[in-house]
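K.L.:
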Amino acid sequence: MSQSEAGSAGQNATFQITGMTCAACANRIEKGLNKLEGVSQANVNFALEQASVQFDASKVDMNRLEQKIKDLGYGTVKESVDFNITGMTCAACATRIEKGLNKLEGVKATVNLALETAHVEYTPSMVSPADMIKKVEQLGYKAKLKTEAKNDGDHRQKEIRRQQWMLVISAILTFPLLWAMVGHFSFTSWIWSPDIFMEPWFQFALATPVQFIIGARFYIGAYKALRNGSANMDVLVALGTSAAYFYSLYVTVWEVPEALYYETSAVLITLILLGKLFEALAKGRSSEAIKSLMGLQAKTATVVRNGEEMNVPVEDVVVGDVFLVKPGEKVPVDGVVVEGVSAVDESMLTGESIPVEKRAGEQVIGATLNKNGVLKVQATKVGKETALSQIIKVVEEAQGSKAPIQRVADVISGIFVPIVVGIAAVTFLIWYFAVEPGDVAAALEKAIAVLVIACPCALGLATPTSIMAGSGRAAEMGILFKGGEHLENTHRITTVILDKTGTVTKGKPELTDVRFEEGYSEPQLLSWVGAAEKNSEHPLAEAIVAGIREKGIAMPQTESFQAIPGYGIMAVVEGRGIMIGTRKLMAQYSVKADKAFEEMSRLESEGKTAMLIAVDGQYAGMVAVADTVKETSGAAVARMKELGLEVVMITGDNERTAKAIAAQVGIDHVRAEVLPDGKANEVKKLQEQGKKVAMVGDGINDAPALATADIGMAIGTGTDVAMEAADVTLMRGDLNSIPDAISMSKKTMLNIKQNLFWALAYNVIGIPIAAMGYLEPWLAGAAMALSSVSVVLNALRLQHVDKKEEERDDRLSRKQFILILLLVVMTFFAGYGFGKQANTPAAESQETPAQQEGSGHGHGGSDSHGGGSGAAESVTTEAFWQAENTKAGEEASIRIQIKDEAGNPVEDFDIEHEKLLHLIVVSKDLSYFNHVHPEYEGQGEFVITNNFPAGGEYKLIADYVPTGGSKTTQTEWITIDGAAEAAVPLTPDKSHSKIVDGVEVTLVNDHPEAGQDFELNFKLADAESKQPITDLQQYLGAVGHVVILSEDTEQYLHVHPLEEKATGPEAKFVTSFPGAGIYKIWAQFKRDGEVITVPFVVEVP
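The opening residue of the sequence shown carries number 11 in the working numbering; numbering runs sequentially from there.
1. So which of TYR577, HIS496, THR127, GLU692 has the shortest CA-CA distance to ASP737?
2. Taking only the alpha-carbon atoms, compute the straight-line gap between LYS602 and ARG502 and give it to the nearest angstrom.
3. Please state whether the Cβ-Cβ distance between GLY562 and ARG742 is less than 8 Å.
4. ARG227 by DSSP, collapsed to three states: which one?
5. Taking PRO414 as part of the beta strand (DSSP E), name the residues at either end of that continuous run.
6. Hey, would you say ALA9 sits closer than 8 Å to PRO342, going by beta carbons?
7. Would you identify the three-state DSSP class for VAL1112, choosing helix, strand or coil?
8. By DSSP, does SER747 sit in helix, in strand, or in coil?
9. Confirm, please, whether the CB-CB distance from GLN892 to GLY950 is below 8 Å.
10. Assuming ALA153 is part of the beta strand (DSSP E), what are its boundary residues?
11. According to the neighbour-count rule (16 or more other Cβ atoms, all chains shown, within 10 Å of its Cβ), is VAL348 buried or exposed?
12. Can you tell me which residues form a DSSP beta bridge with ILE904?
13. Once DSSP output is grouped into helix, strand and coil, what is the label at GLU407?
14. So the beta strand (DSSP E) TRP983 belongs to, where does it begin and stop?
15. Give me the Cα-Cα distance between SER12 and VAL63, rounded to the nearest whole angstrom.
16. Around the Cβ of PRO323, are there at least 16 other Cβ atoms within 10 angstroms (buried) or fewer (exposed)?
17. Which class does TYR946 belong to by DSSP, given the choice of helix, strand or coil?
18. Taking a contact to mean a Cβ-Cβ separation below 8 Å, would you say ILE904 touches LEU966 in this structure?
19. Measuring alpha carbon to alpha carbon, tell me which residue in GLU911, GLY110, GLU692 is nearest VAL684.
20. In terms of residue numbering, what span does the alpha helix (DSSP H) encompassing LYS145 cover?
21. Would you identify the three-state DSSP class for VAL328, choosing helix, strand or coil?
22. Just how far apart, CA to CA, sit LYS1036 and GLN1094?
23. Taking just the CA atoms, how far does VAL263 sit from LYS763?
24. Does the Cβ of TRP983 have 16 or more other Cβ atoms within 10 Å, making it buried, or fewer, making it exposed?
25. For a quick check, are the C-beta atoms of GLU126 and MET98 less than 8 Å apart?
26. For ASN940, which residues of its own chain have a beta-carbon under 7 Å away from its beta-carbon, when the five flanking residues on both sides are left out?
27. Could you check whether the Cβ of ARG171 sits closer than 8 Å to any Cβ belonging to chain B?
28. Starting from ALA241, trace the beta strand (DSSP E) both ways and give me its first and last residue.
29. Measure how close the beta-carbons of ALA781 and VAL460 come, nearest whole angstrom, since I'm counting them as under 8 Å.
30. Below 8 Å, can you find three or more Cβ-Cβ pairs linking the stretch 639–646 to the stretch 669–682?
31. Can you tell me the Cβ-Cβ gap for ALA434 and LEU469, rounded? I've got them flagged as a contact below 8 Å.
32. Look up TRP768 in the DSSP assignment and say whether it is helix, strand or coil.
33. Suppose you measure from the CA of ALA960 to the CA of GLU991; what does that come to, to the nearest Å?
34. I'd like the list of long-range same chain contacts for PHE839, defined as Cβ closer than 6 Å, with 5 residues on each side in sequence excluded.
35. Whose C-beta lies closer than 6 Å to the C-beta of GLU15 among residues of the same chain, with five residues either side of it excluded?
36. Figure out for me which residue from SER1001, ARG1097, HIS1017 has the closest Cα to the Cα of ILE1039.
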């Protein structure tokens, strides 16, 4: 194309035209183009077969001009080229490259993420492959012509090896960070963690190379995407990990007493690399059908040149070369036998296990196996023209094409990333301003989880991987789908039309019956018949001669021969007058054969052609010939019926013969005496009835019907592979390939729908869960990484369709085992991801000297991030209490100063259930209870006000975790001035069902035993309707909290639930009452924004 001079005229374009036969054609095209709005001038040169068009690009585009030429009945020269694309990370990358290429004039491109290829059809006068490569590079990726790419090895293997090394390095650097994080789990707190692993600067040193060297690919990919005005998975990963890393860096540099998130960014990158490696390995397996087909090719050929035998690479064989094929060798290319006899195994193409005898003049196919003789063959097709190359080409094109169902995924992938970034931003704002006001760390954590759990990769891979695996497995079964759309549409078929000759039948008449009168022997009679018939060129005569030869009967020479068209033949053999033909022939020569007519009619009713035999004017016998039904046709028709298909046979034969053949195979519907041109009309009639029709024929005289049908299936024999009119080629002559093809289409479509469902469901479910705070970022990243792998592995199941157990490859099973093992490990640590688990009684005994005598704890694990030590150290602290305005009914000020052994303020504390310090306030008789959280003012000082209802003694219990230490409990008694109320005796409840604020709370098990693990199980229901309550809100990061005090207040337990993220109607807690006596329990829950406190009294024997 000569392009684009600016000005009113707009652009110039040149098209190469096909189909013009005279100057009138050129005039017609010229006039048609000039009529288009926006075309200022069009000139068509008949001699050059070119059209030069000057047009206004704002009114008409290149595609419209090209379509106009096609509408006029002509074509434009199109060429196709395939590229290997590197640098794609997700479906958004593929979409961007596809859009970029399609913006080039005269280009129609399809990019396949799974194959990492681009197939481009283009107008060579407008654009060149070099322009396309340049465009891809401008978009930030690499493109190589497939022919070039072969010269520098398998880039996919190189990329996999590079990914493996990056993963190993990333894992080594991440392991200490993961170790430090594991120490924060309540159920793994026993694991020793080196002190240095908890140092912020040490974590910084490990996380930085992971972030910027190992993770550079994500930054580069994100930059390229954003530079071109789009977004992909790299943008999400870069945003999520950068947020965690730079927030942690801020905490490290400014020594802010907040949690660190270095392990989040490093673990995320490592898990995503692991997922990408699994994905690359799985995608490699999806193209194994092509590899296995290529592996069938012979590598060398023994060519006879100038009388000498020489071994040459198969690529050097040219048409006309004569080559030798010895026993046990593969035929290198397609050819014709010029010398020798042998049996050739053609099962790789035809599926027929019995070797086929080959002799001079017969065709052999490249990649078939010579069994026992030496053949001298002349090459007729080499290179890309061989049958095997054509098969590989069809499979490659099918695997690279898009099924219509993929359009949905393409649309979603294009807008997916910006939507996710928006959701993450909204999530951050909601958490920061509404859910947990002012808590940057919590809001950031939820936003990161949203960013990293969402990924369009699973959507992008859902369809192409299934198409690849399905079409590849189909090819192994001898079924070639020409494209993804045909693989998709085949499953919709409701009616199958079978051509009779060559489809239901073998297409080759055979001698089926011999009848002879007394006085004649079968060998003698057949030797005369064969001698006479071998002079005839009629197909039925050839069948009779072939049948007699197979019986091993010698045929003498004929003394005279005469063919009588429409009647039969007459001949003289060994002095005998032989006559073979119809009833009319016998009648014409007064041969009395009436007694044979009944048997003759019976044979004809079976679809056979019967011929009477007379010797010297006397009836001597009869032979019958038939185009016999294929052995497998009956079973195949039965299978089609089982699939719910209507089966129709169509033929040009007379109705009696057609029905006889149909009856043999179980076909109920017959269209007889239909000429080849009328077959397409029969297809249309069925389509007009609303049926989806598949036409199955030999691909030659059935071409119009094949093209008219919704799906055209051509029965091949291994050589007729690329039949233009057919959508599906059945290489094996077996009709079982039809139900196999339909079944494979159905299984592939089911597989695609499964993939799309899981990919969509995963994102639709995963993003809200992450936004609500139920997933830790690292767990979200692992889920995202494995989502793509799960889609690819599901698609690979298609490779085992109808395979015998011994044919299955166990390598996939090993990969699945590794994935399962990984998931088990993830599940082990998922307690952290789904909230901080409740501590077991064993953890409750971890007390420091700073804890008051007799107090015990049931707290869950500490906050799982950051600078705290995983292994509880003995850090002794002391609380100094100061109370002001201690008067009943007024706001009293309580100030708590935490100091270390040296008397210095303790400045750093770990967050424990969303707060730095929990303060429990109770009256001496336990009738008053309050759970509050003082504000931290720095320098180890906390301040809060509390309104005490009456005068008397009150106990203050403070829980906190000094950074580097373990949970600490400090207590203090204070006296409040004012009128005291009468002490309320503490007596065990008779009924453990209480109603508070419209909620009925029942303590199910109320008989604990001292020193034994005991489950406190609370059931919540609406007080009026008695309906279970399932909408409890998180209170301090859990479904609820339980505080327990002994009657003398010396024994103190603070217990967190087993399932922190539960929402009702049950809340379960496990603890151990330290000794016998009466205990008061306060259970706290949150509903409709209000905290509900429910007291119970139990007696422990």
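Cβ atoms here follow ideal geometry from the backbone N, Cα and C, with glycine treated the same way. Given the structure is predicted, the values throughout are model-derived calculations rather than measurements.
P.N.:
Result, derived from the coordinates:
1. Position 727 of the sequence shown, counted from the first residue, corresponds to residue 737. Answer by Cα proximity: HIS496.
2. In the sequence shown, counting from the first residue as 1, residue 602 sits at position 592. In the sequence shown, counting from the first residue as 1, residue 502 sits at position 492. Taking the straight line joining both Cα atoms gives about 57 Å.
3. In the sequence shown, counting from the first residue as 1, residue 562 sits at position 552. In the sequence shown, counting from the first residue as 1, residue 742 sits at position 732. Going by C-beta atoms, GLY562 is not nearer than 8 Å to ARG742.
4. The residue given as residue 227 occupies position 217 in the sequence shown. The answer is helix: DSSP assigns ARG227 an H, G or I state.
5. Position 404 of the sequence shown, counted from the first residue, corresponds to residue 414. First-last for PRO414: undefined, no H or E at that position.
6. The chain is shown only over 11 to 1111; residue 9 falls outside these bounds and no answer can be derived.
7. Outside the shown range of the chain, which is 11 to 1111, sits residue 1112, and nothing can be said about it.
8. Residue numbering aside, residue 747 sits at position 737 when the sequence shown is read from its first letter. If DSSP states are grouped into helix, strand and coil, SER747 belongs with the helices.
9. On the sequence shown, residue 950 is found 940 positions in, with the first residue counted as 1. On the sequence shown, residue 892 is found 882 positions in, with the first residue counted as 1. Going by C-beta atoms, GLY950 is not nearer than 8 Å to GLN892.
10. On the sequence shown, position 143 is the one that residue 153 refers to. Note, ALA153: beta strand (DSSP E), 152–155.
11. Against the sequence shown, residue 348 aligns to sequence position 338. The residue in question, VAL348, is exposed, as its Cβ has fewer than 16 Cβ neighbours within 10 Å.
12. What you label residue 904 is simply residue 894 of the sequence shown in a count that begins at 1. ALA893, ILE954, per the DSSP bridge assignment.
13. Looking up residue 407 in the sequence shown gives position 397. Reduced to three states, the DSSP call for GLU407 is helix.
14. Counted from its first residue, the sequence shown places residue 983 at position 973. For TRP983, the enclosing beta strand (DSSP E) starts and ends at 978–986.
15. For the purposes of this step, residue 12 is identified with residue 2 of the sequence shown, where counting begins at 1. For the purposes of this step, residue 63 is identified with residue 53 of the sequence shown, where counting begins at 1. Note that SER12 has pLDDT 38, beneath the 50 cutoff, so the model's placement of it is unreliable and the number below is only indicative. Whole-angstrom Cα-Cα distance: 10 Å.
16. Indexing the sequence shown from 1 puts residue 323 at position 313. Exposed, by the Cβ-count rule.
17. Along the sequence shown, one-based indexing puts residue 946 at 936. Here TYR946 sits in strand by DSSP.
18. Reading the sequence shown from its first residue, position 894 is the one you call residue 904. Reading the sequence shown from its first residue, position 956 is the one you call residue 966. Result yes, Cβ atoms of ILE904 and LEU966 sit closer than 8 Å.
19. The residue given as residue 684 occupies position 674 in the sequence shown. Checked all of GLU911, GLY110, GLU692; the closest Cα to VAL684 is GLU692.
20. Reading the sequence shown from its first residue, position 135 is the one you call residue 145. Counting along the chain, the alpha helix (DSSP H) containing LYS145 begins and ends at 139–148.
21. The residue given as residue 328 occupies position 318 in the sequence shown. Here VAL328 sits in coil by DSSP.
22. Position 1026 of the sequence shown, counting from 1, holds the residue named residue 1036. Position 1084 of the sequence shown, counting from 1, holds the residue named residue 1094. Near 20 Å, if we compare the C-alpha coordinates of GLN1094 and LYS1036.
23. As a position in the sequence shown, residue 763 is number 753, starting the count at 1. As a position in the sequence shown, residue 263 is number 253, starting the count at 1. Spanning the two alpha carbons is a distance of roughly 50 Å.
24. Within the sequence shown, the letter at position 973 stands for residue 983. Exposed.
25. As a working mapping, residue 126 is identified with position 116 in the sequence shown. As a working mapping, residue 98 is identified with position 88 in the sequence shown. Against a cut-off of 8 Å, the Cβ pair of MET98 and GLU126 comes out as a contact.
26. Numbered from 1 along the sequence shown, position 930 holds the residue referred to as residue 940. Only VAL931, ASN956 meet the Cβ criterion.
27. Looking at the structure shown, chain B is missing, and only one protein chain is on hand.
28. In the sequence shown, residue 241 corresponds to position 231, counting from 1. Under the DSSP assignment, ALA241 falls outside any beta strand (DSSP E); it carries neither an H nor an E label.
29. As a first step, residue 781 is located in the sequence shown; it is residue number 771 there, counting from the start. As a first step, residue 460 is located in the sequence shown; it is residue number 450 there, counting from the start. Taking 8 Å as the upper bound for CB-CB distance, ALA781 and VAL460 are in contact here, some 5 Å apart.
30. Yes: at least three Cβ pairs fall under 8 Å.
31. Position 424 of the sequence shown, counting from 1, holds the residue named residue 434. Position 459 of the sequence shown, counting from 1, holds the residue named residue 469. Actually they do not touch by this definition, with Cβ atoms about 18 Å apart.
32. Stepping through the sequence shown from its first residue, residue 768 is reached at position 758. In this structure, TRP768 counts as helix in the three-state DSSP scheme.
33. By one-based count along the sequence shown, residue 960 stands at place 950. By one-based count along the sequence shown, residue 991 stands at place 981. Straight-line Cα distance between these residues: approximately 6 Å.
34. Here residue 839 is taken as the residue at index 829 of the sequence shown, counted from 1. Its pLDDT being 45, under 50, PHE839 is placed unreliably in this model, and the coordinates cannot settle the point.
35. On the sequence shown, position 5 is the one that residue 15 refers to. Unreliable placement is indicated for GLU15, whose pLDDT of 37 sits below 50; no coordinate value is reported for it.
36. Mapped onto the sequence shown, residue 1039 falls at position 1029. Among SER1001, ARG1097, HIS1017, the Cα nearest to that of ILE1039 is on ARG1097.
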